[in-house]
Amino acid sequence: MHPYFSPPLPHVFGHRGASGEAPENTREAFELALSQGARFLEMDCHATQDGEIVILHDADVDRVTPGSGAVKEYRFAQLQQLDAGFHFSPDGRSFPYRARGVRIPRLAEILEAFPTAHINLELKQAQPAIAEEVVRLLRRAGATQRVLLAAEQDAVMAVIRELDPGAAIGFSRGDILAFFQGLDEGFEGYRARGHALQIPPSFMERPLVSAESVRAAHRQGLFVHVWTVNEPQEMRRLLALDVDGIMSDFPARAAEVVRAHAAVR
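So for the sequence shown, my numbering puts the first residue at 116; every next one is plus one.
Written out as structure tokens, the structure reads:
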């Protein structure tokens with residue numbers, strides 16, 4: 116088993132940190148997630164104009180800061196002037212993190228700040244060059260065995276596999292489609308190109324997470340992680356199907372459900 120998956124099952128992921136209670140993809144959200152029982156931190160990254168790898172989900176800064184425009188058009192020093200807690204509101208009325216110094220962090224900073232956390236990192240930009248810089252940063256930080264790398268694009272994943280054949284690998288969109296095609300066709304000639312099938316419970320009205328798909332994934336040697344699950348009842352349903360991990364904006368809820376699930380097994 117790859118060392119990335121070594122914490123006891125089921126795995127609890129803070130989805131963009133504890134993003135239901137703190138500004139997503141910030142140091143504050145990651146600290147909160149770990150304090151609430153998450154062992155894994157799910158996050159996303161982009162490259163800035165000057166080549167810094169920063170932790171942010173969207174291609175632009177509009178949704179999470181008072182600024183506007185594409186991340187790739189900003190230099191890192193310019194990004195640091197933006198308030199990454201500006202728009203966060205737990206209730207739609209209050210903004211508890213506004214003007215409190217919350218910033219968009221660099222990947223290097225997160226690796227240093229959380230040296231034992233297992234990190235699920237999705238590379239959001241389509242250009243394969245971002246993979247080269249991410250792998251370089253992971254090697255420099257000695258973090259290659261505790262970070263899973265994923266990207267939607269097959270081309271980016273191909274670069275990751277070439278640069279670091281020993282990395283923990285998630286699935287691209289093409290890999291996910293290939294898995295479900297294999298499920299429909301009996302997996303004849305199928306070969307998984309990663310370690311973890313990370314999927315939502317359903318997509319376009321097709322249930323993706325079922326007893327059948329979870330069993331099939333396990334037979335292929337895959338871990339099954341489900342996103343983004345915030346309701347305890349749904350978490351319990353998924354755990355009953357034997358999924359290996361829950362990604363949640365509220366990791367405290369997930370950790371509590373996982374503890375209760377483990378206690379009765």
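Think of the CB as a built atom: it goes at the ideal place given N, C-alpha and C, for glycine as much as any other residue.
Inset, instruction - Tell me, please, which residues DSSP counts as bridged to F120. - result: For the purposes of this step, residue 120 is taken as the residue at position 5 of the sequence shown. BP columns for F120 are empty, so no partner.
Inset, instruction - Compare the Cα-Cα distances from P211 to each of A293, G166, F201 and report the closest residue. - result: Looking up residue 211 in the sequence shown gives position 96. Each of A293, G166, F201 was checked against the Cα of P211, and the nearest Cα belongs to F201.
Legend entry - Simplified DSSP assignment, three categories, for H376: Counting from 1 along the sequence shown, the entry for residue 376 is found at position 261. Secondary structure at H376: helix, using DSSP grouped into helix, strand and coil.
Legend entry - 8 Å contact criterion, which L236 and L263 should meet: CB distance rounded: Your numbering for residue 236 matches position 121 in the sequence shown. Your numbering for residue 263 matches position 148 in the sequence shown. Contact between L236 and L263 holds, with the beta-carbon distance rounding to 7 Å and staying under 8 Å.
Legend entry - Per DSSP, the bridge partner or partners of I284: Here the question's residue 284 lines up with position 169 in the sequence shown. Answer is L264, bridged to I284.
Legend entry - Residues near V372 by beta carbon distance below 8 Å, same chain, minus five either side: What you label residue 372 is simply residue 257 of the sequence shown in a count that begins at 1. P347, M350, R351, L354, I361.
Legend entry - Coarse secondary structure for M362, derived from DSSP in three states: In the sequence shown, residue 362 corresponds to position 247, counting from 1. The three-state secondary structure of M362, taken from DSSP, is strand.
Inset, instruction - Given a cut-off of 8 Å, decide if P316 and V271 are closer than it, judged by their beta-carbon atoms. - result: Numbered from 1 along the sequence shown, position 156 holds the residue referred to as residue 271. Numbered from 1 along the sequence shown, position 201 holds the residue referred to as residue 316. Taking 8 Å as the cut-off, the beta carbon of V271 is found no closer than this to the beta carbon of P316.
Inset, instruction - Verify whether the separation of the beta carbon atoms of V358 and V329 is less than 8 Å. - result: Here residue 358 corresponds to residue number 243 of the sequence shown, with the count starting at 1. Here residue 329 corresponds to residue number 214 of the sequence shown, with the count starting at 1. Yes. Within cutoff.
Inset, instruction - Put R255 into one of helix, strand or coil per three-state DSSP. - result: Looking up residue 255 in the sequence shown gives position 140. Correct three-state label for R255: helix.
Legend entry - Selection from T343, G166, V341, A326 that minimises the alpha carbon distance to R221: Taking the first residue of the sequence shown as 1, we reach residue 221 at position 106. Of the candidates T343, G166, V341, A326, the one whose C-alpha sits nearest the C-alpha of R221 is G166.
Legend entry - Rounded C-alpha distance that separates F203 from E139: Locating residue 203 in the sequence shown gives position 88, where the first residue counts as 1. Locating residue 139 in the sequence shown gives position 24, where the first residue counts as 1. Cα to Cα, F203 sits roughly 8 Å from E139.
Legend entry - Pairwise C-alpha distance: R261 and V274: The sequence position of residue 274 within the sequence shown is 159, counting from 1. The sequence position of residue 261 within the sequence shown is 146, counting from 1. Distance between the alpha carbons of V274 and R261 is about 19 Å.
Legend entry - Enclosing beta strand (DSSP E) for A192 [first to last residue]: In the sequence shown, counting from the first residue as 1, residue 192 sits at position 77. A192 -> not in any beta strand (DSSP E); alpha helix (DSSP H) instead, spanning 191 to 194.
Legend entry - Counterpart residues of Q313 in DSSP-defined beta bridges: The residue given as residue 313 occupies position 198 in the sequence shown. The partner list for Q313 (beta bridge, DSSP) reads H340.
Legend entry - Nearest-angstrom Cβ-Cβ length linking A185 and A174, presumed shorter than 8 Å: Your numbering for residue 185 matches position 70 in the sequence shown. Your numbering for residue 174 matches position 59 in the sequence shown. That belief holds up - the Cβ atoms of A185 and A174 are roughly 6 Å apart, short of 8 Å.
Legend entry - Contact check, A153 vs A144, beta carbons under 8 Å: For the purposes of this step, residue 153 is identified with residue 38 of the sequence shown, where counting begins at 1. For the purposes of this step, residue 144 is identified with residue 29 of the sequence shown, where counting begins at 1. Not in contact: A153 and A144 (Cβ atoms no closer than 8 Å).
Inset, instruction - Check whether the Cβ atoms of L147 and A137 lie closer than 8 Å to each other. - result: Mapped onto the sequence shown, residue 147 falls at position 32. Mapped onto the sequence shown, residue 137 falls at position 22. Their beta carbons are under 8 Å apart, which means L147 touches A137 by this criterion.
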